[in-house]
Amino acid sequence: MAPQVPAPPSAPLPSARPQVPSAPGRALRIAKPTAGLSDPCAMLTSVETRSVSPVFVGRAAELAVLGDALARIAASGEPQALLIGGEAGVGKTRLIEEFSESARARGALVALGGCIEIGSEGLPFAPFSSILHTLNWHLRDELAAAVAGQEGELARILPELGETPGEAHDEEIGRARLFELTARLLERLAAHRTLVIVVEDLHWADRSTRELLAYLLRSLHDANVLLVATYRSDDIHRRHPLRPFLAEIDRMRTVRRVELARFNREEVRSQIAGINGSDPEEDTVDRVFKRSEGNAFFVEELARGLADGALHGLSDPLRDLLLVRVEALPEDAQRVVRTAAEGGSTVEHELLSAVCQMPEDDLIEALRSAVGTNTLVPTQDGTGYRFRHALVREAVVDDLLPGERTRLNRRYAEALEANPALVRADVCAARLASYWYKSHDAAKALPAVLAASVQARRRHAYAEQLRLLDRALELWDDAPTEVRQRVRPVDYAEAYPACGCHDGDALGFLDLLAEIAVAARLSGDNERAFTITKRALRSLRGESDPLRTAWFLVQRSRLCQGTGRGNGWEDLGAAQELMRGLPPSSVHAEVLAAVAGWAILHDPGPGTFATAERAVELAQLVGDEEAELNSRLTLAGLRVDAGEVDAGLADFRTSLGLAVDRGYFAVIARGHVNFPSALEGVGRSREAVEVTERGVELTTRYGLKDSTSWVLGNRAESLQALGRWEEAGRAADDAARLAQTPRATALAASRRTDLALSQGDFAGAERELAVAQEHYGTHDPQPQHAIVMARHALRIAVHQGRILDARSILQQVLDAGFPPGTQRYAWPLLWSAATAEADARGLPAAAPGRAAVLARIREAAKKLPRICAVWAAHGLALDAELRRAEGRETPDAWAGTVAAFEPLDRPHELARSCYRWAESLLHGSERATLGLHGRTPREAAVLLLTQAHTAAVEMGARPLADELELLAQRARIPLSGPKPEPATQPTAAAGRGTAAEPSPAAVPAESLGLTPRERDVLRLVADGRSNRQIADALFISPKTASVHVSNILAKLGVSGRGEAGAVAHRLRLFGEPAPGQGSVVSS
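Be aware that the sequence shown starts at 16, since it is given in this note's numbering, and climbs by one per residue.
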C-alpha cells in the first residue's frame, strides 16, 4: 500500500469547489459568485459547506460501482473510467469525497481537479493542472524522473515544471505530443500504485480539457488508473458542447455512466438526522422531502432552517441563489415564469397562454428561453410545464408582490371559469377553488372550496377535504348572506343528513362543522375533530335540536376515546337520553350502535348482546343499512367471544362482504380490524393474515391511515403467532409509522413489546412498553389492553428477578377479573405467571405467599372457557406449569400439552411445551407413559430438544433457545442445527451481565445467599463435576471444594448434588459452560 501523506498545498489555479469539512455542524456561508461567471447557477459551486451531514447517506449502489472499478484495476491492471452525472446539488461532490477516502484507505493516490467557467468556456486544462500539481506534490522525485527532458512540453499544463517552449511550427503536432506525454506520465506514475484521477464539473470544461480527457480514455493501456469525471446533467442543453463528447464516449466499452438520482424519503430523513443530531419528526421529514424533492443541497439548507426555527420559509441566501437563474432570463421570459409559478406545481400551456395574454410567438419564445435554462421543463404528457425544482417555484412566488399574486390568481380563476376544458376535469374544481381563494374573493371562493371539498371526499382524500373545509370556515363570515344560503354542502357526514335540517344560516353553519369534524377524524386529526365538535355542541346549547345534539355527542364520545381524554360514556349516555320518546331515525340507530360498540370493549356481557340486537333492529326499521352492518359486526364479535365461533365468524364474513360491496368505508375499516382479531383469538392465524392483507389494501385505498395501522397491528400479532417473526416486526413497524391516534400508536408499541420479549431484547421491550403505557393512558382502561400490558410488565419483572413485583402485577389483574370475551388474553397471562412461579421454586425470597398465588391462578383458570382448541391447549399448558410449580410435574402432562399444540400453528408455544416435556423426561422423577412411541425417555428428550431448538432458532426466540441449550448441556445432549444469533440484550438464560448492570441471573443467586465462589462451585456441580474436578478447575484443594459443596446444599435446602444442579438449572443461574469444559452443545 502507498504510504499515507498529508494533503498538498493549494494549487496555483483556484478550485471551483471547496472541500467539505469532516467535522459536523461546521458553519458555512453562501459565497458571492466569482466575477465573470456567466452561468448564474455557478453560484452553487461557491457554496461553502455549513450544514453537511456528518453521516454519509445512501449512494450504496454508486459507491459499489466505484469500488468495483478499483477492484477491477487491482485484478487486471487495466484502466477504468466512470462518468457521474446529476443535477446541481444532488451530491456528486460528496460522493466523490466519500469514495476518495475509501480509495486512499485501500492504498490509492487520489488527485482531483475541477473545471472553472470563465466566459463562454472554462480555463484551458484547468482540472489537469490541479491534478498534475497534486501528483507532483506527492511524487516529486518520481514525477521529475518521468518527465526528464520533456518539462517544457508538460509545462503547458503544469507551469511549475519550467518554461514552456515557443510557438510550435505545427500546433497540432505539439498538441498531440502534449496529450501523449500526459498519458505516458500517468502510466509511469501508476506502475507501482493505483491512481484515481477525478475531473469535477465537466460541464464547464474547455475544449482542450474535453479533448485531453477523451484522449486519455482511448489511449491509456496497462495502467492502474481510474478516471472519474462528474458533470451537471441539468446544464447539458441541446447545444451544449459536452453533448457530442458524451455521445462519443458512450460508444467506448471501457467507460461506464452513473446517473445520481435524488434522495428518497428515508434518505432525506437520515440526512436531516445527521445534520441536526436527532431523529426528525415525521411531519418535518414530509415537509423537507416535499420542498427539497430529494436534492441533497436543498435538504441541507432546509435542515439548517429547521435548526434556526424557519421550516416554512426560505433563507435569504437560498432565495437569492434560487432566483439568480430566473433573473438572468429575458424580461418576457421572466414574466412568463412568474405567471407560471402562481399557476401551480404544473401549468397547462393553453391555460398559461390564456392568463399571459401574449402573442403566441412571443409566448413560445419566452418559454423556449425558460426551458433552455432548465428553469421550466415540459411535463411528461407534453401539455404543459413545471419547474425543474419546486424550491425555484417557491422562491419565484415569494418574490411576487402581494397585489401581483392576487391579480394573477384572479386571472387564472376567470380563465378557468370561462373555459373549464383548459385543465383536466378531475382537477378543475380544486384548481378553481385555489385560484379564487388566493384572489381574496369570498363570494366566489366559498362555493368553489365547498364544491372541491365534495370531490376530495369522494376520492377519500380526507386531509385535502379538511383543508378545503377549513378554508370554507375561514370564508364563512366574509361571504354575503345570499351566497351562504346557496352553498350548503351537497353531501353529508355519515348519519347526519337524516336529521331533517332546514335552510338557514345557523343550520348551514352546523352542516359545515359536521363535515369538518368527520373529515378531521377520518384524516387522523382527532384533536381538530374534537375542537370542532365542542364548538358545535356549544352552538347547540339552548337549541331544541336533539338529533343534531345527539349526533355530535356520539362524535365527541368517539374522539374522547381516540385522544385518551376518557372512555366517552358520559356523552353516549346523554345521547341515549336525548333519543327517548323520539321517532326512530338513523341518528337513533347510530347512538345504539355506538353504545353496543362501547360496551363490547368496556363491559361485555348479556346486556351488550341485547343492545347490539336492538341497534340492528332499529337500523333495519329506518332503512339505514350502514348502521345495521356496523351493529352486526358487534354482534359477530360477541358471538365469537361467547363460544359460538363458527356462527360468529360467518356473520363477520357476511357483514363485511356487504359493506365492501356497498362501499361503506367506515364499516369496512372496522370490520378488517375486528374480524382478523376474532380469528386470531380462536387460533385461526393463517385466515387472520389473509384478511389483514385485504384490509390493508382497502383501508389504504380509502385513505384511512389510522385504520391501516390497526390492521397492521393485528397482522403483526398473527404473524408472530405463526412464527413469522421477521414479517411480524415489519408489520409492527409499519403500524407505528402509520398510526395517527394514541391508541393506534399504543397498539403498535404493544406488538413490538411482545416481539422484543420473545426475541430477548428486554431493553427494547421496556422502551416499547413505556410508549404503549403512555399512549393508552389511564383515562380509559379497557380489559383487552390492560391484560396484555400486564403480561408484558410481568415478563419484564420476571426477567429482572423481581418475582414479588410480578406477583403484584398479576394480583391487580386478578382483582379486576376477566370479563367475558377476554379469555384470549387471560390464558397467556396466567401461563406466564405460572411459569414464573415454577422457575422461582427453591428461591427463598419467593417462598412466602407462593401457595396463595398458585391457588389464585388455578381459581381464575377454572372460570375461563376452553371451548376452542387454542384455549384448551393453553389450559393444558397452564395445568402442567402449575404442577411443575408445585414440584409434582409429570411427563404425561407435558405430553398432552404438546399433542394439543401440534395441530395449531403455534410454533413458539409448541417449542416451549416440547422443552418442558423434555425437561421432565430427563428429570425422571415420574414415569412417562404417553407419546414415547417405543423410545426411551432420553431418546424422546433428545428428539424434543432438537426439534424445539431448531424452531426457536429459526423464529429468533433467543431466550427459549438459550434455555434449551442449557438443558442440553446439563444432560450431555449435543444439539445439531443452526445456532441462535446474539440477542440485542443479554437474556436471563445467558447469565451474563455488563459492567454497569449485574446479570439478571445473579439476582436469584444472590437471594439464595451464595457467595461468588459458591456460585462458581455450583456451576461445576450442575455440570456434574466431582470434588476433585472442581478443585482442579478452580485451583483449590478437594477438601475446600467439599466444604463449598456442603455449604451450597445447606443454603439451597437440598439433600444431594443432583437436586442442587436441578435448582441451578430451574433458576437459570448459568448460561455458559463450566470453566475448562467448553460447550457441550457443539461437541
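We put the beta carbon where it would ideally sit given N, CA and C, even for glycine.
**Request:** Specify, as a first and last residue, the run of the beta strand (DSSP E) that G128 falls within.
**Result:** L124 to G129
**Prompt:** Leaving out five residues before and five after L1033 in sequence, what residues of the same chain have Cβ atoms less than 6 Å from its Cβ?
**Reply:** Once the five neighbours on either side are set aside, the close Cβ partners of L1033 are I1063 and A1079.
**Prompt:** Can you tell which of S91, H790, R247 and E178 has the C-alpha that lies nearest to the C-alpha of G581?
**Reply:** H790
**Request:** Would you mind sorting N434 into buried or exposed? The rule is 16 or more other CB atoms within 10 Å of its CB.
**Result:** exposed
**Item:** Range covered by the beta strand (DSSP E) that runs through Q480
**Value:** Segment Y477 to W491 is the alpha helix (DSSP H) holding Q480; no beta strand (DSSP E) there.
**Request:** Going by CA-CA distance only, name the one from D526, S307 and R536 that's closest to T564.
**Result:** Nearest to T564 by alpha-carbon distance, out of D526, S307 and R536, is D526.
**Message:** In whole angstroms, give me the CA-to-CA distance for G663 and E732.
**Reply:** 21 Å
**Item:** Bridge partner(s) assigned by DSSP for T361
**Value:** Beta-bridge pairing links T361 to R401.
**Request:** Kindly give me the distance between the Cβ atoms of R486 and V464, rounded to whole angstroms, as I take these residues to be in contact under 8 Å.
**Result:** 5 Å
**Request:** Taking 8 Å as the cut-off, decide whether the C-beta atoms of A310 and H404 are in contact.
**Result:** The amino acid at residue 310 is misidentified as Ala; the sequence shows Asn. Yes, the pair counts as a contact, with Cβ atoms nearer than the cut-off.
**Request:** Give every residue of the same chain whose Cβ lies closer than 8 Å to the Cβ of V438, excluding the five residues on either side of it in the sequence, and list them in chain order.
**Result:** E363, L366, L431 and R446
**Asked** Excluding sequence positions up to five away, which residues of its chain have a Cβ less than 6 Å from the Cβ of S692?
**Response** If we look at S692 and ignore the five residues flanking it on each side, its Cβ neighbours are N729.
**the stretch 887 to 894 in contact with the stretch 702 to 720 per 3-pair CB rule at 8 Å** = no
**Prompt:** According to the neighbour-count rule (16 or more other Cβ atoms, all chains shown, within 10 Å of its Cβ), is E202 buried or exposed?
**Reply:** buried
**Request:** Tell me, please, which residues DSSP counts as bridged to P393.
**Result:** Y400
**Message:** So, under 8 Å CB-CB, H1103 and G718 are touching, yes? Tell me the CB distance rounded to an integer number of Å.
**Reply:** Residue coverage of the chain in this structure runs from 16 to 1098, which leaves residue 1103 outside it and unanswerable.
**Request:** May I ask you to list the residues that DSSP assigns as paired with E274?
**Result:** G100
**Prompt:** In terms of residues, what are the limits of the beta strand (DSSP E) holding V213?
**Reply:** Residues L210 to E215.
**Message:** How far does the beta strand (DSSP E) with T245 in it extend, from its first residue to its last?
**Reply:** Note, T245: beta strand (DSSP E), V240 to R247.
**Asked** Who are the near neighbours of R553 in its chain, counting only those whose CB is closer than 7 Å to its CB and skipping five residues on each side?
**Response** none
**Asked** Apart from the five residues on each side of it in sequence, which residues of its chain come closer than 6 Å, Cβ to Cβ, to K453?
**Response** N424
**Prompt:** What whole-angstrom Cβ distance do A1037 and R985 have, given they're in contact under 8 Å?
**Reply:** 6 Å
**Request:** From the DSSP output, in three-state form, read off Q95 for me.
**Result:** strand
**Item:** Same chain, Cβ closer than 8 Å to I111, neighbours up to 5 away in sequence not counted
**Value:** I99, L127, V213, E215, V243 and T245, listed in sequence order.
**Request:** For my contact list, D249 and A381 are in at a C-beta cut-off of 8 Å; report their separation, rounded to the angstrom.
**Result:** With a contact defined as Cβ atoms closer than 8 Å, D249 and A381 miss out at about 20 Å.
**Item:** Local conformation of K305 per DSSP, three classes
**Value:** helix
**Asked** Would you call D221 buried or exposed, if buried means 16 or more other Cβ atoms sit within 10 Å of its Cβ?
**Response** buried
**Asked** So, using beta-carbon positions, are L975 and A983 closer together than 8 Å?
**Response** Contact flag unset, no.
**Counted within 10 angstroms of its Cβ, other Cβ atoms place V697 as buried (16 or more) or exposed** = buried
**Prompt:** Where does A862 land, buried or exposed, given buried means 16+ other C-beta within 10 angstroms?
**Reply:** exposed
**Status (buried if at least 16 other CB within 10 Å, exposed otherwise) for V70** = exposed
**Asked** Which residues in the same chain as R247 place their Cβ atom closer than 6 Å to its Cβ, once the five residues preceding and following it in sequence are excluded?
**Response** A103 and H218
**Request:** May I ask you to report which of helix, strand or coil DSSP gives S883?
**Result:** Here the sequence assigns Cys to residue 883, which means Ser is not the residue at that position. Looking at C883 - three-state DSSP - the assignment turns out to be coil, as it is neither helix nor strand.
**Message:** For A238, which residues in the same chain have their Cβ closer than 6 Å to its Cβ, ignoring the five residues on either side in sequence?
**Reply:** Counting only Cβ-Cβ distances below 6 Å, and skipping sequence neighbours, we find P94, E202 and A205.
**Asked** Three or more C-beta pairs closer than 8 Å, one from the stretch 909 to 916 and one from the stretch 870 to 880: is that the case here?
**Response** As far as the Cβ criterion goes, the stretch 909 to 916 does not touch the stretch 870 to 880, which means the pair count is below three.
**Request:** Taking 8 Å as the threshold, find out whether the stretch 81 to 95 comes into contact with the stretch 259 to 268 through three or more Cβ pairs.
**Result:** no
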